[in-house]
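Colleague:
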Amino acid sequence: MKTITNPAYKLMHEGSIALAQVEANGIRIDTKYLDIAIRRTSNKIKHLSENLTHYKIYKRWKKKYGAKTNLGSHEQLAHILFTVMDYPCESFTKKEHKPAADEANLKSTKLKFVAEYLELEKLKKARSTYLRGILRETTDGYMHPNFPLHFVQSYRGSSRNPNFQNMPVRNPKIAKLVRQAFIPRENHHILEIDFKGAEICCSACYHEDPKMIKYIENPRLDMHRDLAGEIYLLKKKQISKMIRFASKSFFVFAEFYGDWYKNCAKSLWEGIDELNLKTTDGVPLKKHLRDNGISELGACDVDKQPEVGTFEAHLKRVEYAFWNKRFRVYNQWKKDWWEAYQEKGYFETLTGFTIAGNLDRKQAVNYPIQGSAFHWLLWSLIKLQKEMNRRKMKSLIIGQIHDSIVGDIHKSEIDEYLEIVREIIYEKIRKHWKWIIVPLTVEVEMAPLGKSWYEKEEVKIWTKN
DNA sequence: AAACAGTGCGCG
DNA sequence: AAAGCGCGCACTGTTT
Numbered sequence: 091m092k093t094i095t096n097p098a099y100k101l102m103h104e105g106s107i108a109l110a111q112v113e114a115n116g117i118r119i120d121t122k123y124l125d126i127a128i129r130r131t132s133n134k135i136k137h138l139s140e141n142l143t144h145y146k147i148y149k150r151w152k153k154k155y156g157a158k159t160n161l162g163s164h165e166q167l168a169h170i171l172f173t174v175m176d177y178p179c180e181s182f183t184k185k186e187h188k189p190a191a192d193e194a195n196l197k198s199t200k201l202k203f204v205a206e207y208l209e210l211e212k213l214k215k216a217r218s219t220y221l222r223g224i225l226r227e228t229t230d231g232y233m234h235p236n237f238p239l240h241f242v243q244s245y246r247g248s249s250r251n252p253n254f255q256n257m258p259v260r261n262p263k264i265a266k267l268v269r270q271a272f273i274p275r276e277n278h279h280i281l282e283i284d285f286k287g288a289e290i291c292c293s294a295c296y297h298e299d300p301k302m303i304k305y306i307e308n309p310r311l312d313m314h315r316d317l318a319g320e321i322y323l324l325k326k327k328q329i330s331k332m333i334r335f336a337s338k339s340f341f342v343f344a345e346f347y348g349d350w351y352k353n354c355a356k357s358l359w360e361g362i363d364e365l366n367l368k369t370t371d372g373v374p375l376k377k378h379l380r381d382n383g384i385s386e387l388g389a390c391d392v393d394k395q396p397e398v399g400t401f402e403a404h405l406k407r408v409e410y411a412f413w414n415k416r417f418r419v420y421n422q423w424k425k426d427w428w429e430a431y432q433e434k435g436y437f438e439t440l441t442g443f444t445i446a447g448n449l450d451r452k453q454a455v456n457y458p459i460q461g462s463a464f465h466w467l468l469w470s471l472i473k474l475q476k477e478m479n480r481r482k483m484k485s486l487i488i489g490q491i492h493d494s495i496v497g498d499i500h501k502s503e504i505d506e507y508l509e510i511v512r513e514i515i516y517e518k519i520r521k522h523w524k525w526i527i528v529p530l531t532v533e534v535e536m537a538p539l540g541k542s543w544y545e546k547e548e549v550k551i552w553t554k555n
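Printed below as a string of C-alpha cells:
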C-alpha cells in the first residue's frame, strides 16, 4: 500500500506554498465598522437579555438555580422547559441523555420566551465567534486566516484563526452584520468563484452513474427540481426556488451523505412551515399535499413502519426510487466501494491519496468524493496564483472555502482574471486529470467597486441558464 | 487557573 | 444492518 503518490505529494506541497501566499496576502477588514457593529450588537444583547428577565419562565429559572442562574446555559434552560415545566421533549443529548437544548428542540415549545432567547443567542454567536473573532485576528487593517492542508481526514483543507470558511451567509441579517466587515483594497472588487456542484460532479467520476452524468451534462435538466416534484407531488412549473432549495438540502444532499427517509421526512415537513413554502401559483405546500391525500408527517419512529397515507410513507417510496431506479449505478458503486474497503482496509482516491483507518460505511464512501472535489479547487488555485504571479498582477487571492476561491481583484484586471480562471477550469484541469468525465463549471459572484463581501452578486458570464 | 468533555452552531 | 459527511470555535460544567 502506497500512502501517497508523487502527484498527490506535489499537490500538497505546491498547495501549501500557494496557501501560504494567500495567508500572507490577508483580507482587508473595516475595523471602524467592526467597532460600531460590536457596540450596536452589545446594546441589542443587553436589551434582549434584560427583557427576558420579565418572563414567568425566567422567574422559575431563577427559583431553581438561584445565584447560579445563567442565561448562557442551554442546559439550565432545557432542564426548566422539559423537566420542570414538562414540555414534550423531542430529542436528547448523545452522551448524557439529557433534554437537548438545540434550536429545533427548543422551538418545539413554541414559547415567545424561547423565540426571544434564540434571537439573543444568534446575536451572541455573531458577536463572539465572528465580530470579536475577526477583530482579534486583525492587525493594521488586515486579517490573515490560516489555510492548513494537513488536518482533515478526507484530505480536504480547513481554516483557522479565525475560520474563514464558516462566515455567516444563510441568515441574511447575521450575514450582513458580519460580512460587511470584509472590504476590498482601494480600487478592488471582492470576487468569488465557486465550483458548481463540485461534490456531485466529483462523485460521478467515481461511480459513473449514467443518469447522474446526464444531469450534469445537460443544463436543462435539474435533479433538485425533479426530486422536488416527486417529494411534494408537483409539476415542474409549480416548483418555486425555495421549494427546490428544500429538496436539495433536506433530501438530495442528505441522501448522498447517507441520511435516510425518516430524518429527511421530518426536515422536509418542518421546512414547509419554516421556509413558508408555496407553489408558484401561491398554494401553501401543506394544503397542496393535503389535496393530494397527504395531511400528516407520520411518527417517524425508528422502530416502526410508517403509517399508510403519511408523508413519511410517501418519502420512503421516493427514497426507494431514488437509489434503486434513478441512481441505481451510484448505489451499486457505494456497495462495491465499501466491500473493497473492508477487504483491503484502505482505498485510494482518484487524486492519488491512500486513506486507511477505521472508517464506517458513510465515511468510506464520502471521503474520496469530498477530498477529490477539494483537490480540483486546490489545483485550480495553484495554477491561478502562479499565473497571476507570472503576470505581476495587482489582484490577490485572499481565501478558499472548499469549492470556492475568494479574490481581491483590481478593477482593471477583472476580465483578465476571469479569462485565466476560465482556461483553468474549463480546459486545463480536464487535461491534467483524465478521469474527470464530466464538464466542470463555475459561478462568479462579485461585489461592486469598494463594496463589502456582503454585497456580492452573481455575474452571469459563462452559464447560459 | 488550566485542562477536559460535552454540546451546539456557523460554513461547504 | 444502520440511519448525515467534513471542519473550527465558544461556552458550560466538572476535574485537576
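Heads up: the first sequence begins at 91 in our numbering, then just goes up one per residue. Note that CB positions come from ideal geometry on N, CA and C, so glycine has one too. Values in this document were obtained by computation on a predicted structure and should not be read as measured data.
1) Indicate the three-state DSSP secondary structure (helix, strand or coil) for K368 in the structure shown.
2) Note down the Cα distance separating S181 from A265, rounded to an integer number of angstroms.
3) Determine whether the beta carbon atoms of S132 and H278 lie at a separation below 9 Å.
4) Apply the 10 Å Cβ neighbour rule to A108 and answer buried if 16 or more other Cβ atoms are within range, or exposed otherwise.
5) Contact check, A191 vs E165 under 8 Å by CB: the rounded distance?
6) With DSSP run on the structure shown, which of helix, strand or coil describes V204?
7) Suppose you measure from the CA of K541 to the CA of T121; what does that come to, to the nearest Å?
8) Terminal residues of the continuous beta strand (DSSP E) containing H278?
9) For M536, which beta-bridge partners are listed by DSSP?
10) May I ask you to list the residues that DSSP assigns as paired with T228?
11) Could you have a look at Y436 and say whether DSSP puts it in helix, strand or coil?
12) Going by DSSP, name the residue or residues bridged to P238.
13) Could you pull the start and end residues of the beta strand (DSSP E) that D498 belongs to?
14) Any contact of the stretch 347 to 364 with the stretch 404 to 413, i.e. 3+ C-beta pairs under 8 Å?
15) Could you tell me how far apart the beta carbons of M536 and V549 are, in whole angstroms, since I believe they sit closer than 8 Å?
16) With respect to the alpha helix (DSSP H) encompassing Q460, which residues constitute its N-terminal and C-terminal limits?
17) For V511, count neighbouring C-beta atoms within 10 Å of its own C-beta (all shown protein chains included) and say buried if the count is 16 or more, exposed if not.
18) Starting from Q166, trace the alpha helix (DSSP H) in both directions and tell me its first and last residue.
19) Buried or exposed for L358, going by 16 or more other Cβ atoms inside 10 Å?
20) Assign I488 to one of two classes, buried (16 or more other C-beta atoms within 10 Å of its C-beta) or exposed (fewer than that).
21) Check this for me: beta carbons of L213 and K149, under 9 Å apart or not?
22) Is DSSP giving L412 helix, strand or coil here?
23) Alpha carbon to alpha carbon, how far is G442 from P97?
24) Just to confirm my understanding: we take L311, look at its own chain, exclude 5 residues before and 5 after, and list those with CB closer than 7 Å. What are they?
25) For K259, which residues of its own chain have a beta-carbon under 6 Å away from its beta-carbon, when the five flanking residues on both sides are left out?
26) Helix, strand or coil for P274? Go by DSSP, reduced to three states.
27) Closer than 8 Å: is that where the CB of Q270 sits relative to any heavy atom of the ligand NAP?
28) In this structure, does DSSP put P262 in helix, strand or coil?
29) Given a threshold of 16 other Cβ atoms within 10 Å of its Cβ, counted over all protein chains shown, does A336 qualify as buried or as exposed?
30) By the 10 Å Cβ neighbour count, where 16 or more other Cβ atoms means buried, how is F272 classified, buried or exposed?
31) Between which residues of its own chain and L239 is the CB-CB distance below 6 Å, once the five residues before and five after are set aside?
32) Is the beta carbon of Q111 less than 9 Å from the beta carbon of Q475?
33) With a threshold of 8 Å on Cβ separation, who are the neighbours of A294 within its own chain once the five nearest residues in sequence on each side are excluded?
34) Output needed for H297: all residues of its chain with C-beta closer than 7 Å, excluding positions within five of it in sequence on either side, in chain order.
35) Take K286 and list the residues in its own chain whose beta-carbon comes closer than 7 Å to its own, dropping the five residues that flank it on each side.
36) Going by beta-carbon coordinates alone, are H234 and A157 separated by less than 9 Å?
Modeller: In short, the structure shows the following:
1) If you number the first sequence from 1, residue 368 lands on position 278. Assignment of K368 by DSSP, reduced to helix, strand and coil, places it in the strand class.
2) Your numbering for residue 181 matches position 91 in the first sequence. Your numbering for residue 265 matches position 175 in the first sequence. If you take the alpha carbons of S181 and A265, they lie about 29 Å apart.
3) Counted from its first residue, the first sequence places residue 132 at position 42. Counted from its first residue, the first sequence places residue 278 at position 188. Annotated as distal: S132 and H278, with beta-carbon spacing of 9 Å or more.
4) Taking the first sequence and counting its residues from 1, one reaches residue 108 at position 18. Buried, since its Cβ has 16 or more Cβ neighbours within 10 Å.
5) Numbered from its first residue, the first sequence carries residue 191 at position 101. Numbered from its first residue, the first sequence carries residue 165 at position 75. Taking a contact as a CB-CB distance under 8 Å, the pair A191 and E165 counts as one, their CB atoms being some 6 Å apart.
6) Translated into the one-based positions of the first sequence, residue 204 becomes position 114. In the three-state reduction of the DSSP assignment, V204 falls in the helix class, which pools H, G and I.
7) Counting from one through the first sequence, the residue named residue 541 turns up at place 451. Counting from one through the first sequence, the residue named residue 121 turns up at place 31. CA-CA distance, K541 to T121, rounds to 15 Å.
8) Along the first sequence, one-based indexing puts residue 278 at 188. 278 to 285 is the span of the beta strand (DSSP E), which, as asked, contains H278.
9) Numbered from its first residue, the first sequence carries residue 536 at position 446. According to DSSP, M536 bridges with L281, E547.
10) For this step, residue 228 is matched to residue 138 along the first sequence. Looking at the DSSP assignment, T228 forms a beta bridge with M233.
11) For the purposes of this step, residue 436 is taken as the residue at position 346 of the first sequence. DSSP, read as helix, strand or coil, puts Y436 in strand.
12) In the first sequence, residue 238 corresponds to position 148, counting from 1. Per DSSP, none; premise fails for P238.
13) As a first step, residue 498 must be located in the first sequence, where it is residue number 408. If you look at D498, you'll find it in the beta strand (DSSP E) that goes 494 to 500.
14) Touching, per the Cβ criterion.
15) The residue labelled residue 536 in the question sits at position 446 within the first sequence. The residue labelled residue 549 in the question sits at position 459 within the first sequence. The Cβ separation is near 5 Å, so the contact holds.
16) Within the first sequence, the letter at position 370 stands for residue 460. Going by DSSP, Q460 is part of the alpha helix (DSSP H) stretching over 451 to 480.
17) Here residue 511 is taken as the residue at index 421 of the first sequence, counted from 1. The residue in question, V511, is buried, as its Cβ has 16 or more Cβ neighbours within 10 Å.
18) Position 76 of the first sequence holds residue 166. That run of the alpha helix (DSSP H) goes 164 to 168.
19) Taking the first sequence and counting its residues from 1, one reaches residue 358 at position 268. Sixteen is the threshold: when 16 or more other Cβ atoms of the shown chains lie within 10 Å of the Cβ of L358, as they do, the residue is buried.
20) Against the first sequence, residue 488 aligns to sequence position 398. Classification for I488: buried.
21) The residue labelled residue 213 in the question sits at position 123 within the first sequence. The residue labelled residue 149 in the question sits at position 59 within the first sequence. Not a contact, by the Cβ cut-off of 9 Å.
22) Taking the first sequence and counting its residues from 1, the one referred to as residue 412 is at position 322. It should be pointed out that residue 412 corresponds to Phe in this sequence rather than to Leu. Correct three-state label for F412: helix.
23) The sequence position of residue 442 within the first sequence is 352, counting from 1. The sequence position of residue 97 within the first sequence is 7, counting from 1. A direct Cα-to-Cα measurement between G442 and P97 gives close to 7 Å.
24) The residue you call residue 311 lines up with position 221 of the first sequence. The beta carbon of L311 is closer than 7 Å to those of K304, Y305 in its chain, skipping five residues each way along the sequence.
25) Looking up residue 259 in the first sequence gives position 169. What sits at residue 259 in the sequence shown is Val, not Lys. For V259, where only same-chain residues beyond five positions count, the Cβ hits under 6 Å are A265.
26) Here the question's residue 274 lines up with position 184 in the first sequence. Here P274 carries a coil assignment [DSSP, helix/strand/coil].
27) Summarising the ligand content, the structure contains no ligands, and the ligand NAP is consequently not present.
28) Counting from one through the first sequence, the residue named residue 262 turns up at place 172. Note: P262 maps to helix in three-state DSSP.
29) Translated into positions along the first sequence, residue 336 becomes position 246. Burial of A336 is indicated by the presence of at least 16 other C-beta atoms within 10 angstroms of its C-beta.
30) By 1-based counting over the first sequence, the position of residue 272 is 182. F272 comes out buried.
31) The sequence position of residue 239 within the first sequence is 149, counting from 1. Cβ within range, chain order: M102, G105, S106, G247.
32) Translated into the one-based positions of the first sequence, residue 111 becomes position 21. Translated into the one-based positions of the first sequence, residue 475 becomes position 385. Q111 is a Cβ neighbour of Q475, given a cutoff of 9 Å.
33) Locating residue 294 in the first sequence gives position 204, where the first residue counts as 1. Cβ neighbours of A294 beyond the five flanking positions: M302, I303, I306, I527, V528.
34) Start at 1 with the first residue of the first sequence, and residue 297 comes out as number 207. Answer for H297: V419, Y420, W423, listed in chain order.
35) For the purposes of this step, residue 286 is identified with residue 196 of the first sequence, where counting begins at 1. The beta carbon of K286 sits closer than 7 Å to those of T531, V532, E533, all from its chain and outside the five residues before and after it, given in chain order.
36) Counted from its first residue, the first sequence places residue 234 at position 144. Counted from its first residue, the first sequence places residue 157 at position 67. Taking C-beta atoms as the reference points, H234 and A157 fail to come closer than 9 Å.
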